[in-house]
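Protein chains in written order, with full-length UniProt numbering: chain G, 1 to 285; chain S, 1 to 285.
For every residue, glycine included, the Cβ atom is placed at its ideal position computed from N, Cα and C.
Below is one structure, written out as structure tokens, with a few remarks after it.
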């Protein structure tokens, strides 16, 4: 069995490590436009061989884990090149553009659109973690568009690496993920910006920062190469979520300026149930 | 030696546990207006005895770890009651109001205003953690107002429990802490609110939330009892930081609506150095 990992960063690299356990006999090929990443992935044992698109006619499984704008460029080419029995799993943070793009492709039934909700704020092969996906959710879009035999293969893999499956329509995925993921990133980036702008004597001031600030600003370490195309592809939903977030912040500010501390208390008290909501999911973070 | 812990929650409880190690022979008294917390603190071994203000004339050290509005009520009474040799350490998140309040108190030199930058989003005695303060920063305000012998005593304690010391003026503390702590809490509460408001079918949607959302929204679990008086006392600095944060979010939204993706990339790239800033502090979170 031959597996091609296209994009040997955090997600592709972590999947490569897990797939080596699931298919002990498989050869894992790495394809990446960043040759330094490819060398790094090879030396870390994430892939067995460096490869190119010319190797795709020989592979059984392709993982696409690259920025969502690049995915729109290369997924049709990958589908053109793979053999008829191969499965292509794409893993980006937006699902509508890629699903629309491949809708009429002759090999649409070899393709599966997924979004594994897993990751860290780091990137590149050195960020890859074996076991990253255990206990995490994988969202599969338009599952019925993938041929049944390849659905089974994909589900076998996701089960082996410990993922829970949720099925969603691409549009619904993109709308809701704007709130629970994309908005968090903007909130965090702009918090980091506000504090950096304010503070000239950084060392002094960041000495005052505790684990709360660190937690809230963690996503501001994320890769702009990955996130710019996500915001582009999901622009409308992201802008809407950002509008609602700004309106809530403005309302909070108005309560503060009006010194309505009972209302401020009630605001926070109401949101406190995020505790039960997150616990209720039975998730381990 | 007798130590009184006033407020047996996360901070007071954690300090009580550490102080039992520093002063193995000490008796730790607990004072709390919540009698259930006091019973819990006793059963968890956080305190040795339940006590009241009537016991204060017998104590050598008082830790005040209660909401900042309550501190303004009780610190003068505590200073009235303690013996001449005793040290009172207050630990709230705002420093100017308490320092102004005790400025002319006859026992001002028995008082030390501190802000240990440590904690979690949880509260109450069950949230107390032994070793919470190791490697963390403690901000001491107006150190010169505390008598030298009691400064030495306080510094001995902070050294024993592993804290780094930073000296600041109360006004400067309150201004900067608005950015690195208070603003993070509002950002997180309002993110939680925005997502909860949007999502009617919560279980479905929060299944899509990953560790990034969890991290960014973590502070929204914080106690409104503790945070309402902090926002009240630091209203002006908090409102200013909130203004700047909202302006940055609006500017990001304008870039998104104008589809200026180069500028969006540069925004994120610029904030990415939060990575080096946080690492540069040599902090362990």
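Asked                                                                                                                                                                                             : Found
When you compare the CB positions of residue 163/G and residue 136/G, do they come within less than 8 Å of one another, or not?                                                                   : yes
Can you find the residues in the same chain that come closer than 6 Å, C-beta to C-beta, to residue 199/S, ignoring five residues on each side of it along the sequence?                          : 205
For residue 168/G, report the span of its beta strand (DSSP E) as first-last.                                                                                                                     : 164-168
Give a yes or no on whether the minimum CB-CB distance between residue 285/S and chain G is below 8 Å.                                                                                            : With a pLDDT of only 38 at residue 285/S, under the threshold of 50, the placement of this residue in the model should not be trusted; the figure read from the coordinates follows. It does; some Cβ of chain G falls within 8 Å.
Taking 8 Å as the threshold (C-beta atoms), are residue 216/S and residue 216/G in contact?                                                                                                       : yes
Please identify, using Cβ separations under 8 Å, the residues of the region 236-247 of chain G that lie next to chain S, in order along the chain.                                                : 238, 239, 241, 242, 243, 244, 245, 246
Taking DSSP as the reference, what is the three-state secondary structure of residue 29/G?                                                                                                        : strand
Examine chain S for any beta-carbon lying closer than 8 Å to the beta-carbon of residue 32/G, and answer yes or no.                                                                               : no
Under a Cβ-count criterion, where at least 16 other Cβ atoms within 10 Å of its own Cβ denotes burial, should residue 156/S be classed as buried or exposed?                                      : exposed
Kindly indicate which three-state DSSP category residue 147/G falls into: helix, strand or coil?                                                                                                  : coil
Does the CB of residue 138/S have a neighbour CB from chain G at under 8 Å?                                                                                                                       : no
Does the Cβ-Cβ distance between residue 22/G and residue 152/G come in under 8 Å?                                                                                                                 : no
Strictly under 8 Å for the Cβ-Cβ distance: is residue 221/S near chain G by that measure?                                                                                                         : yes
So residue 102/G contacts chain S; which residues on that side make the cut at Cβ distance below 9 Å?                                                                                             : Ordered by position in chain S, no residue passes the 9 Å Cβ test against residue 102/G, which lies about 22 Å from the chain.
For residue 230/G, which option in 276/G, 243/G, 177/G, 267/G has the closest C-alpha, if you only look at C-alpha atoms?                                                                         : 177/G
What are the uninterrupted segments assigned as beta strand (DSSP E) that are 3 or more residues long and contained completely in the region 79-104 of chain S, given in chain order?             : 87-90
Should residue 88/G be flagged as near chain S, meaning a C-beta pair shorter than 8 Å?                                                                                                           : no
Pull up the distance between the alpha-carbon of residue 91/S and that of residue 260/G, whole angstroms please.                                                                                  : 25 Å
Compile a chain-ordered list of the residues in the region 103-135 of chain S whose CB is closer than 8 Å to at least one CB of chain G.                                                          : 117, 118, 119, 120, 121
Which of the three DSSP states is assigned to residue 137/S in this structure?                                                                                                                    : strand
Cβ of residue 64/S within 8 Å of Cβ of residue 2/S?                                                                                                                                               : no
According to the Cβ coordinates, are residue 256/G and residue 191/S closer than 8 Å?                                                                                                             : no
Looking at chain S, is there any beta carbon in it that lies within less than 8 Å of the beta carbon of residue 29/G?                                                                             : no
Is the CB of residue 212/S under 8 Å away from at least one CB in chain G?                                                                                                                        : yes
Taking residue 207/S as the reference, give the member of 278/G, 251/G, 232/G with the closest Cα.                                                                                                : 278/G
Between residue 209/S and chain G, is there a C-beta pair that is closer than 8 Å?                                                                                                                : yes
Output, in chain order, the set of chain C residues within a Cβ distance shorter than 7 Å of residue 1/G.                                                                                         : This model lacks chain C altogether; the protein chains it does include are G and S.
Nearest CA to the CA of residue 25/G: which residue from 112/G, 67/G, 186/G, 48/G?                                                                                                                : 48/G
According to DSSP, what are the bridge partners of residue 114/S?                                                                                                                                 : 140/S
Below 7 Å on C-beta distance, what does residue 190/S contact in chain G?                                                                                                                         : 245, 248, 249, 252
Does the region 34-48 of chain G come close enough to the region 75-92 of chain G to have 3 or more Cβ pairs within less than 8 Å?                                                                : no
In three-state DSSP terms, what is residue 16/G?                                                                                                                                                  : helix
Where does the unbroken beta strand (DSSP E) through residue 41/G begin, and where does it stop?                                                                                                  : Here residue 41/G belongs to no beta strand (DSSP E); instead the alpha helix (DSSP H) covers 35-43.
Identify, in the order they occur along the chain, each residue of the same chain with its Cβ nearer than 6 Å to the Cβ of residue 96/G, setting aside the five sequence neighbours on each side. : 170, 171, 174
What runs of the beta strand (DSSP E), each 3 residues or longer, lie entirely inside the region 206-237 of chain G?                                                                              : none
Is any beta-carbon of chain G found at less than 8 Å from that of residue 232/S?                                                                                                                  : yes
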